[in-house]
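Numbering (the working numbering), first residue to last: 61 to 193. Heads up, the beta-carbon is just placed ideally off N, CA and C, and yes, glycines get one too. Let me begin by presenting the structure, written as structure tokens, before commenting on it.
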């Protein structure tokens, strides 16, 4: 005996869309509500994807250029910090957009600055740990 889904797949496409639409309409949802929900989820997914690309770039830079111990003057080398302009060039996005994203990611504790007003960024230890798993 074949499942109901196999039977539904044999119907014309308009019926495959009409039945769920009627069901959701009977719940009081309109097509506008459904479209709004789907489009907002898609927009959030796209935004999070770009954020994840920025964090992945910073993690990769940390792995490629690890910190170097103190030199003869006692200063530590931090070659893995990147400016928002460098990150924007790597991601092929605008520097203003990247800077705003980095500030939002800083509030979410995914990236950190070298100093409070500096434009030098790196991934946090939490992101490094998540990348390792």
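Asked: Residue 167 to residue 115 span [Cα, whole Å]; Found: 13 Å
Asked: Unbroken alpha helix (DSSP H) run spanning residue 153, endpoints; Found: It is not in any alpha helix (DSSP H) - residue 153 carries neither H nor E in the DSSP assignment.
Asked: Euclidean distance between Cα positions of residue 141 and residue 181; Found: 5 Å
Asked: Paired residues, beta bridge with residue 172 - DSSP; Found: 182
Asked: Residue nearest to residue 118 in terms of C-alpha spacing, selected from 78, 149, 76 and 71; Found: 149
Asked: Cα-Cα separation between residue 125 and residue 163, rounded to whole angstroms; Found: 23 Å
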